[in-house]
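Below: one structure, written as C-alpha cells.
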Amino acid sequence: GNSFACSNSDGIDKKGKLVSPTFTINRRYIDFLLVGGGNWDGNYIALVVDGKIVRRTRAYHPSDFQPRGWYVEEFEGKEAHIEIIDVQVFTDGYTCIDNIIFADNITRDPRFWNGEGNMALTCLDAKAKPGSARPDIGGTFITADAEYRMVEDPAALLSSKDATLAPGESQTFRFVMSWWFPNIDHGRMYAKRFADAAAVADFVQDNHARLSGETKLWRDTYYDSTLPYWLLDRLQSTVSILASGTTRWFENDRFYAFEGTTSCHGTCTHVWGYAHAHARLFPELGRNIRERQDFYPIDDGGGFFPDTGLISFRADKNYGLAMDGQLDTVLNSYREHKMSVDDEFLKRNWPFIKKTLQYVIDQDALGEKGGAASQEVAWIAKETVDAYEKPTEAPNGVLEGTQHNTYDLNFYGANTLSGGLYLAALLAAEDMAYDMGEENFAKLCKSLFEQGSKWLSENIFNGEYYVQDIDFDKDFTGQFGDGCLSDQVFGQTWAHNVGLGYVLPEDQIKTTMGSIWKYNWTPDTGPYSKMYKPGRWFVMPEGQAGLLTTTWPSGSFKPGAMSYKSEIWSGIEYQVANEMIWEDMVTEGLSIIKGIDERYQPPVHNPYNEVECGDHYARAMASWGAYLALAGFDYHGPKGEITFAPKFFKDNYKAAFTLAEGWIQFEQTKDSKDRQIDTIKVVNGKAKLNKLTFELIDATAKGKAKVAVNGKKVAAKSSLEDGKVVIILKSGLELEKGDVLTVAIK
Numbered sequence: 165g166n167s168f169a170c171s172n173s174d175g176i177d178k179k180g181k182l183v184s185p186t187f188t189i190n191r192r193y194i195d196f197l198l199v200g201g202g203n204w205d206g207n208y209i210a211l212v213v214d215g216k217i218v219r220r221t222r223a224y225h226p227s228d229f230q231p232r233g234w235y236v237e238e239f240e241g242k243e244a245h246i247e248i249i250d251v252q253v254f255t256d257g258y259t260c261i262d263n264i265i266f267a268d269n270i271t272r273d274p275r276f277w278n279g280e281g282n283m284a285l286t287c288l289d290a291k292a293k294p295g296s297a298r299p300d301i302g303g304t305f306i307t308a309d310a311e312y313r314m315v316e317d318p319a320a321l322l323s324s325k326d327a328t329l330a331p332g333e334s335q336t337f338r339f340v341m342s343w344w345f346p347n348i349d350h351g352r353m354y355a356k357r358f359a360d361a362a363a364v365a366d367f368v369q370d371n372h373a374r375l376s377g378e379t380k381l382w383r384d385t386y387y388d389s390t391l392p393y394w395l396l397d398r399l400q401s402t403v404s405i406l407a408s409g410t411t412r413w414f415e416n417d418r419f420y421a422f423e424g425t426t427s428c429h430g431t432c433t434h435v436w437g438y439a440h441a442h443a444r445l446f447p448e449l450g451r452n453i454r455e456r457q458d459f460y461p462i463d464d465g466g467g468f469f470p471d472t473g474l475i476s477f478r479a480d481k482n483y484g485l486a487m488d489g490q491l492d493t494v495l496n497s498y499r500e501h502k503m504s505v506d507d508e509f510l511k512r513n514w515p516f517i518k519k520t521l522q523y524v525i526d527q528d529a530l531g532e533k534g535g536a537a538s539q540e541v542a543w544i545a546k547e548t549v550d551a552y553e554k555p556t557e558a559p560n561g562v563l564e565g566t567q568h569n570t571y572d573l574n575f576y577g578a579n580t581l582s583g584g585l586y587l588a589a590l591l592a593a594e595d596m597a598y599d600m601g602e603e604n605f606a607k608l609c610k611s612l613f614e615q616g617s618k619w620l621s622e623n624i625f626n627g628e629y630y631v632q633d634i635d636f637d638k639d640f641t642g643q644f645g646d647g648c649l650s651d652q653v654f655g656q657t658w659a660h661n662v663g664l665g666y667v668l669p670e671d672q673i674k675t676t677m678g679s680i681w682k683y684n685w686t687p688d689t690g691p692y693s694k695m696y697k698p699g700r701w702f703v704m705p706e707g708q709a710g711l712l713t714t715t716w717p718s719g720s721f722k723p724g725a726m727s728y729k730s731e732i733w734s735g736i737e738y739q740v741a742n743e744m745i746w747e748d749m750v751t752e753g754l755s756i757i758k759g760i761d762e763r764y765q766p767p768v769h770n771p772y773n774e775v776e777c778g779d780h781y782a783r784a785m786a787s788w789g790a791y792l793a794l795a796g797f798d799y800h801g802p803k804g805e806i807t808f809a810p811k812f813f814k815d816n817y818k819a820a821f822t823l824a825e826g827w828i829q830f831e832q833t834k835d836s837k838d839r840q841i842d843t844i845k846v847v848n849g850k851a852k853l854n855k856l857t858f859e860l861i862d863a864t865a866k867g868k869a870k871v872a873v874n875g876k877k878v879a880a881k882s883s884l885e886d887g888k889v890v891i892i893l894k895s896g897l898e899l900e901k902g903d904v905l906t907v908a909i910k
C-alpha cells in the first residue's frame, strides 16, 4: 500500500496497542506484510473475534516487510478486528503491518514462505514398496488449503520388502526422513549442496557407511573412558545445541547463532564467550565465527568497526561494546589459533585481534570515562562510532569505566569479571604478538598484565573473594559491590583452558573458589529462593541443587543490586565447576555438574535442553571446558604441543580428545614395573606432535622417559619441570589413524 500502520511511529519507547476498525470475516484468508522485532509476549499482531484472540503472529525481520497470513474460514460471518500489541520497550521491539488483503486463495507466493520446502520419507531398500493409506488423496498433497493430521490420519505410506523372522532372529529396516526448507533470512548452506529433500536422502544412502561409521567411532571412543558414564553424558549433551534452532548455517557459509532458540540474535559475544564445545569438537566453527562475524566489517553485516576495533556484541549497528564479550573475542581467537594445524588463521586475523584488544587498552587509559562512549552505540542506533574518544593518559591494566556485560547491565569500577578477562586477554595477545614478530606490543601486554594483576590483588581482594571497587554506601543499582559473584574469576578459567597459567595470585584464586562453593552453591535452592525470589526460575521451587549467580555473605543484599542475582544458569555452573577442577577442587566441581545432571532429567526437564534466556541455550556449551579441566589438557596445533595432567583417576585415566585434524584417545596407567605409562592413540584423522608434557603421578619419580610409536623407539629428550615431564621429540611426529604413541616414565 501507500502507507502502513506502525507501533513505533511516535518513538521506540512508546507502549500500547493499535486497533483496526471492526470488519466481518467473509473470506478464507487474511494476508499481510509484517516488519519489526521483539518477542511473543511484547510485540505481535492479533486477530480478535468475539473479544478473544484467535490468531496471532509476530514479525521476525527488523528491516524488510515479510509476507504472513492467517487461515480464518472457521470464523466466516463473524465480526473481528486486528490489534498491534507493543508493550516491550527495546531497540527492536516494534511491529508494522501493511497490505492487508482478504481473499479466498492465498495471495502469498508459496515459494517465498519461510516454511516452504519439502520432505521425503525414503526406505533404504531396493525392494521398497510405495502405497497409499488414503486413496482419496490420490497423490495430490500441495493444495492451497490442504490440512492433514499426519500422525492421526496418515497421508501416505512406504514399506520395506517383506521379511520372515524365525524365533531369535533380527532384521534391520532402514528409513531416512529428510527435509529441505531453504527460506529463512540469508538462506541455508545446505540448499546450495542439495536440490531438495530427495537429494539429501540420496546423499545419506550413498554415504551411510561412512557417516554412521564415523559417528559410532566417536561414540565408542568417547564412552570408552574411565570417567563416570553420567558425567560423560552430561558434558557432551550440550553439543546437541548445534543441531537445534539456536544455530544457523547461512548460504554464504557464515555460521550464525542466537543465544537460545531464536532468542537474542547475533552470536552474542558475551554468551558464546562461555562456550567451548563447538570450537573444540568442530574447530572450523570457532574460526568461522571469528572471520565471518567478529572481524567482518560492520557495514557488510559483521560486527567489526574497522576505525576503532570495537566489536558489536550482536554484529548489529544497534549494539556496541560488551566489555566481557570484547575480551572473550581475543581469548576465543587464541583458542582458535591453537586449535589450527598451522598459523595461517593467526596471520590472517592478527591485525583484527590486536585492534580488538587495543580498543580495550584505550578504555583502560580513559579511566572512569572508559567504555561510556561505547554504550551510546550499544543502545542507540548509529552508523559509526562517532563518540569514540582517544585517551591522553597511559593505561595501567585496570578497567574502571563502564563495562557492559552478560548480565545485561553496566558494571562500574574495577572488578575481576571484566578485569580478569582483560588480564587473560593480555597474556593471550602477548603470546600471539611474539608469534607475529611484534615484540613491542607483546611487551606492552605483559607490562599491563603485571600492573593490573598487582593492583587487583592488592586492592579488591577482601580475604575471601574479589569485590567491586565502588562506594558501597552510594547508589548500588545494577552493581554487585561486596557480593560474591560466581563469575568473578572467569578470566582465570579462560587462562587455564588455553594454557596461560595464573592471572591473579594462586592462593587468592583458590580461596575465592572455596568462598564461591561456601556461599553460592546449595544442595537445595528452595530456602534461598523463597527469601530472595529470582527473576526467572530455572530450577524447581524446592529440592534441587544449584549455584546462585551472586550472594551477599556480608548481609548487604539490596533489591536494586545487579540483575539476575538470585538465578541459576547452567552455563555459569559449568564455568565455575571448570575452574574448581583446575584448582583441585574436583569433588566440589563434580558436585555442581551432578546438580545440573539431576535437574535435567525426565520427567521434569529435557536432558538435552538446558534453558536460560531461551531453550537450548548456548552458554551451556561451557560444559566442554570442564571436560578439558578433568584431564589438565592443553594443546597447541601449530607448534605440535600437547599436555595432560589428569585431576583424578591419575593412575587409571582414559578419555578422548579432539585436535586440529582428528581425534585421539589418551590413557594414563602404571605398569607392573611401577612406571607411568602415557599412551596417545590416533583414532581418526592425524596428529602432528613435537612436544609432550605429562604431570607425574608420583612426585618423587625421576622423570626419565622412553618414547615409542607402534612399538618402535623414537628419539626424544626429556626433562623434569615443576612436577611434569617435558619431552621434546627430536624429529617431530606425524601420526596417522591407528598409530599408537607410548611414553614410559620412571
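Going by my numbering, the sequence shown opens with residue 165, and the numbers climb by one from there.
From the three backbone atoms N, C-alpha and C, an ideal C-beta is built for every residue, glycine too.
None of these values were measured; they are calculated from a predicted model.
1. List the endpoints of the continuous beta strand (DSSP E) containing residue 335.
2. Does the pairing of the region 635–655 with the region 594–605 give three or more beta-carbon distances under 8 Å?
3. Helix, strand or coil: how does DSSP classify residue 423 here?
4. Please report the distance separating the alpha-carbon of residue 535 from that of residue 463.
5. Since residue 412 sits in a beta bridge, which residues does DSSP pair it with?
6. If you compare alpha carbons, which of 743, 389 and 856 is closest to residue 670?
7. Using the Cα positions of residue 407 and residue 425, report the straight-line distance between them to the nearest angstrom.
8. Taking a contact to mean a Cβ-Cβ separation below 8 Å, would you say residue 487 touches residue 404 in this structure?
9. Residues in the same chain with beta-carbon distance under 7 Å from residue 574, minus the five sequence neighbours each way, listed in chain order, please.
10. Counting Cβ pairs closer than 8 Å, one from the region 745–752 and one from the region 766–784, do we hit at least three?
11. DSSP three-state label for residue 875, please.
12. Report yes if the C-beta distance between residue 411 and residue 492 is below 8 Å; otherwise report no.
13. Give the DSSP bridge partners of residue 798, in chain order.
14. Apart from the five residues on each side of it in sequence, which residues of its chain come closer than 7 Å, Cβ to Cβ, to residue 294?
15. Decide yes or no for the touch test of the region 791–809 against the region 499–515: beta carbon pairs closer than 8 Å, at least 3 of them.
16. Hey, would you say residue 832 sits closer than 8 Å to residue 814, going by beta carbons?
17. Using the C-alpha atoms, what's the distance from residue 843 back to residue 452?
18. Cα separation between residue 171 and residue 779?
19. Rounded to whole angstroms, what's the CA-CA distance from residue 480 to residue 859? Just pull it up for me.
20. My guess is that residue 242 and residue 214 are in contact by the Cβ rule of under 8 Å, so how many angstroms apart are they, rounded?
21. May I ask you to report which of helix, strand or coil DSSP gives residue 403?
22. Name the DSSP bridge partner or partners of residue 622?
23. In chain order, which continuous runs of the alpha helix (DSSP H) of length 4 or greater are located wholly inside the region 680–739?
24. Just verifying my parser: in three-state terms, what is the DSSP assignment at residue 530?
25. Bridge partners for residue 836 per DSSP, in chain order?
26. What did DSSP end up calling residue 787 once you bin it into helix, strand or coil?
27. Where residue 786 and residue 662 are concerned, what is the direct C-alpha to C-alpha distance, given to the nearest angstrom?
28. With distances taken from CA atoms, which of 712, 498, 289 and 624 is nearest residue 596?
29. Let's test the definition: count the other Cβ atoms within 10 Å of the Cβ of residue 593 and tell me whether it reaches 16, buried, or not, exposed.
30. Give me the DSSP bridge partner(s) of residue 192.
31. Return the CA-CA distance between residue 854 and residue 585, expressed in angstroms with no decimal places.
32. Could you name the residues of the same chain whose beta carbon sits closer than 6 Å to that of residue 507, not counting the 5 residues immediately before and after it, in chain order?
33. CB residue 189 to CB residue 246, shorter than 8 Å?
34. Is the Cβ-Cβ distance between residue 716 and residue 647 less than 8 Å?
35. Taking the straight line between their C-alpha atoms, what separation do you get for residue 865 and residue 722?
36. State yes or no: is the C-beta of residue 260 within less than 8 Å of the C-beta of residue 337?
In terms of the structure at hand:
1. Bounds of any beta strand (DSSP E) do not take in residue 335, whose DSSP letter is neither H nor E.
2. The region 635–655 is not in contact with the region 594–605.
3. Annotated three-state conformation of residue 423 is coil, per DSSP.
4. Residue 535 and residue 463 have their alpha carbons spaced roughly 22 Å apart.
5. Partner(s): 420.
6. Taking residue 670 as reference, the option from 743, 389 and 856 with the minimal CA-CA separation is 743.
7. Roughly 11 Å between the two C-alpha positions.
8. No; because the gap between Cβ atoms is not below 8 Å, this pair is not in contact.
9. Answer for residue 574: 539, 566, 567, 568 and 642, listed in chain order.
10. Because the criterion of three Cβ pairs below 8 Å is not met, the region 745–752 and the region 766–784 do not touch.
11. Reduced to three states, the DSSP call for residue 875 is coil.
12. For the pair residue 411 and residue 492, the CB atoms are not nearer than the 8 Å cut-off.
13. Paired residues: 807.
14. If we look at residue 294 and ignore the five residues flanking it on each side, its Cβ neighbours are 322.
15. Using a Cβ-Cβ distance cut-off of 8 Å, the region 791–809 and the region 499–515 are in contact, since at least three pairs of beta carbons, one from each stretch, lie closer than that value.
16. Taking 8 Å as the Cβ cut-off, residue 832 and residue 814 qualify as a contacting pair.
17. When the Cα atoms are used, residue 452 and residue 843 turn out to be separated by approximately 32 Å.
18. So the alpha carbons of these two residues sit roughly 28 Å apart.
19. If you draw a straight line from the Cα of residue 480 to the Cα of residue 859, it is about 45 Å long.
20. The beta-carbon distance between residue 242 and residue 214, rounded to whole angstroms, is 7 Å. This is short enough to meet the 8 Å contact definition.
21. Three-state result, residue 403: helix.
22. Partner(s): none; residue 622 has no beta bridge.
23. Given a length threshold of 4 residues, each whole run of the alpha helix (DSSP H) inside the region 680–739 is given here in chain order: 690–695.
24. Reduced to three states, the DSSP call for residue 530 is coil.
25. Paired residues: none, contrary to the question.
26. Residue 787: helix per DSSP, three-state reduction.
27. About 14 Å.
28. The option with the nearest alpha carbon to residue 596 is 498.
29. Buried, since its Cβ has 16 or more Cβ neighbours within 10 Å.
30. Listed as beta-bridge partners of residue 192 by DSSP are no residues whatsoever.
31. Going by the C-alpha atoms only, they are around 30 Å apart.
32. For residue 507, where only same-chain residues beyond five positions count, the Cβ hits under 6 Å are 802.
33. Taking 8 Å as the Cβ cut-off, residue 189 and residue 246 do not qualify as a contacting pair.
34. Result yes, Cβ atoms of residue 716 and residue 647 sit closer than 8 Å.
35. Roughly 54 Å separates the two Cα atoms.
36. Against a cut-off of 8 Å, the Cβ pair of residue 337 and residue 260 comes out as no contact.
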